[in-house]
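>
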Amino acid sequence: MARRKLSKKRTGIPQKNESVRTKKILSILSRKYPNAHIALRYGNPVQLLVAVILSAQCTDKKVNEVTEGLFKKYKTAKDFADARPATLEQEIRPTGFYRAKTQSVIAACKMLEADFDGVVPSTMEDILKLRGVARKTANVVLGNAYGIVEGIAVDTHVRRLSQRLGFTAHSDPVKIEKDLMALFPKKDWFRLTYVLIEHGRALCRAPVPRCESCPVVPLCPTGRGRIGIKGPVRIKTR
7 MARRKLSKKR TGIPQKNESV RTKKILSILS RKYPNAHIAL RYGNPVQLLV AVILSAQCTD
67 KKVNEVTEGL FKKYKTAKDF ADARPATLEQ EIRPTGFYRA KTQSVIAACK MLEADFDGVV
127 PSTMEDILKL RGVARKTANV VLGNAYGIVE GIAVDTHVRR LSQRLGFTAH SDPVKIEKDL
187 MALFPKKDWF RLTYVLIEHG RALCRAPVPR CESCPVVPLC PTGRGRIGIK GPVRIKTR
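Okay, so the sequence shown: first residue is 7 according to my numbering, each after it adds one.
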């Protein structure tokens with residue numbers, strides 16, 4: 007895939023320096039968050055799939071609180087497929103949207119049982135067939151359960167930071183993912199997801215980022231504007 011170049015108008019940075027800027031941002035954030043990884047806790051790919059479904063519009067911390075007991079009871083796709091909807095609804099209620107999530111979890115696990123021998127598929131094509139699974143969920147599960155990287159998981163943090171850092175002008179997660187995949191080499195996709203998430207939790211928060219403490223603010227069009235940095239962006243290659 008050809009790398010897309012962002013306009014100087016949006017980032018304030020000449021196009022010829024954009025690949026250097028993105029590489030530098032990832033390098034700085036990787037050093038700041040060397041242990042960035044998925045926060046959800048799970049025991050197997052089925053539980054990871056369920057945890058990611060539950061994480062929609064919910065914090066990972068709350069999901070972990072719910073799944074601590076849930077995963078002692080439900081360990082396999084069959085366990086979830088055979089669950090009584092009314093019971094599961096109450097068990098996952100604290101994660102929000104519990105009726106829709108219950109339907110998604112049970113339907114997805116019934117499909118796992120019927121079509122995949124109870125095993126979470128390891129291809130993007132197959133995992134997207136499951137109810138409640140879009141590209142974000144698929145990327146998280148494939149990357150963490152199987153070490154298979156087909157894209158970039160765009161959650162609320164990745165979306166917010168991608169916009170603020172000038173990586174994208176889009177709000178649609180699929181379009182944001184395409185922009186990120188064009189900007190960064192595939193070897194960096196998995197790492198990029200989790201350093202952006204960590205930075206979003208630590209400093210680049212919603213609604214107010216802590217730009218005064220941000221190590222990449224000189225390279226960030228939003229941050230430069232917020233704290234009044236003027237003049238050309240100077241990027242050191244070392």
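From the three backbone atoms N, C-alpha and C, an ideal C-beta is built for every residue, glycine too.
In this text, all values refer to a predicted model and were calculated from it rather than measured experimentally.
Out of R170, D161, P191, which has the shortest C-alpha to C-alpha gap to R232?
Looking up residue 232 in the sequence shown gives position 226. The option with the nearest alpha carbon to R232 is R170.
> Please state whether DSSP places Q109 in a helix, a strand or coil.
Here residue 109 refers to the residue found at position 103 of the sequence shown. Reduced to three states, the DSSP call for Q109 is helix.
> Is it the case that the region 141-160 contacts the region 214-228, given that we only count it when at least three CB pairs across the two stretches are under 8 Å?
no
> With a floor of 4 residues, list each alpha helix (DSSP H) that falls wholly inside the region 208-236, ordered by position along the chain.
227-233
> Indicate whether V58 and T143 have their beta-carbon atoms separated by less than 8 Å.
For this step, residue 58 is matched to residue 52 along the sequence shown. For this step, residue 143 is matched to residue 137 along the sequence shown. Cβ distance < 8 Å, so V58 and T143 count as in contact.
> Reducing DSSP to helix, strand and coil, say where I203 ends up.
Counting from 1 along the sequence shown, the entry for residue 203 is found at position 197. If DSSP states are grouped into helix, strand and coil, I203 belongs with the helices.
> Mapping DSSP to helix, strand and coil, what is S128?
By 1-based counting over the sequence shown, the position of residue 128 is 122. If DSSP states are grouped into helix, strand and coil, S128 belongs with coil.
> So, do the region 90-108 and the region 47-54 have three or more beta carbon pairs nearer to each other than 8 Å?
no
> Note the first and the last residue of the continuous alpha helix (DSSP H) segment covering I98.
To locate residue 98, count along the sequence shown from 1; it is residue 92. Run containing I98: 91-98, per the alpha helix (DSSP H) assignment.
> Check whether the Cβ atoms of I34 and P227 lie closer than 8 Å to each other.
Position 28 of the sequence shown, counted from the first residue, corresponds to residue 34. Position 221 of the sequence shown, counted from the first residue, corresponds to residue 227. No, the pair does not count as a contact, with Cβ atoms beyond the cut-off.
> Measure from the alpha carbon of Q203 to the alpha carbon of each residue in I133, T65, G172, then state which is nearest.
Here the question's residue 203 lines up with position 197 in the sequence shown. The residue asked about is misnamed: residue 203 is Ile in this sequence, not Gln. Looking at the Cα atoms, T65 is the closest of the given residues.
> Would Q53 and F103 qualify as a contact pair, given that the criterion is a beta-carbon distance under 8 Å?
The sequence position of residue 53 within the sequence shown is 47, counting from 1. The sequence position of residue 103 within the sequence shown is 97, counting from 1. Cβ distance not < 8 Å, so Q53 and F103 don't count as in contact.
> Just verifying my parser: in three-state terms, what is the DSSP assignment at D194?
The count along the sequence shown starts at 1 and reaches residue 194 at position 188. Three-state result, D194: helix.
> Per DSSP, what kind of secondary structure is Y80 in: helix, strand or coil?
Here residue 80 refers to the residue found at position 74 when the sequence shown is read from its first residue. In the structure shown, Y80 falls within a coil segment according to DSSP collapsed to helix, strand and coil.
> Using CA atoms only, rank isn't needed, just tell me which of R137, K84, R141 is closest to A113.
Translated into positions along the sequence shown, residue 113 becomes position 107. Answer by Cα proximity: R137.
> Would you report the Cα separation of K184 and C115, rounded to the nearest angstrom?
The residue you call residue 184 lines up with position 178 of the sequence shown. The residue you call residue 115 lines up with position 109 of the sequence shown. K184 and C115: Cα-Cα distance of roughly 29 Å.
> If I measure Cβ to Cβ from K192 and keep anything under 8 Å in the same chain, skipping five residues before and after, which residues do I get?
Counted from its first residue, the sequence shown places residue 192 at position 186. Correct list, in chain order: V155.
> Using a threshold of 8 Å, state whether the C-beta atoms of V126 and V146 are closer than that.
Within the sequence shown, residue 126 is the residue found at index 120, counting from 1. Within the sequence shown, residue 146 is the residue found at index 140, counting from 1. Going by C-beta atoms, V126 is not nearer than 8 Å to V146.
> Would you kindly check if the distance between the Cβ of T162 and the Cβ of S168 is under 8 Å?
Locating residue 168 in the sequence shown gives position 162, counting from the first residue. Locating residue 162 in the sequence shown gives position 156, counting from the first residue. Going by C-beta atoms, S168 is not nearer than 8 Å to T162.
> Compare the Cα-Cα distances from S61 to each of T101, R90, V26 and report the closest residue.
As a working mapping, residue 61 is identified with position 55 in the sequence shown. Looking at the Cα atoms, T101 is the closest of the given residues.
> I need the DSSP call for R166, collapsed to helix, strand or coil.
Residue mapping note: residue 166 aligns to position 160 of the sequence shown, counting from 1. If DSSP states are grouped into helix, strand and coil, R166 belongs with the helices.
> For the alpha helix (DSSP H) holding P51, just list the boundary residues, first then last.
For the purposes of this step, residue 51 is taken as residue 45 along the sequence shown, with counting starting at 1. Element bounds for P51: 51-60.
> With burial defined as no fewer than 16 other Cβ atoms inside 10 Å of the residue's Cβ, what is the status of E91: buried or exposed?
If you number the sequence shown from 1, residue 91 lands on position 85. The residue asked about is misnamed: residue 91 is Pro in this sequence, not Glu. So P91 ends up on the exposed side.
> Measure the CB-CB distance between I182 and R165 and report whether it falls below 8 Å.
Working through the sequence shown from its first residue, we reach residue 182 at position 176. Working through the sequence shown from its first residue, we reach residue 165 at position 159. Yes, they are a contact pair.
> Between L94 and V111, is the Cβ-Cβ spacing less than 8 Å?
To locate residue 94, count along the sequence shown from 1; it is residue 88. To locate residue 111, count along the sequence shown from 1; it is residue 105. Yes, the Cβ-Cβ distance between L94 and V111 is below 8 Å.
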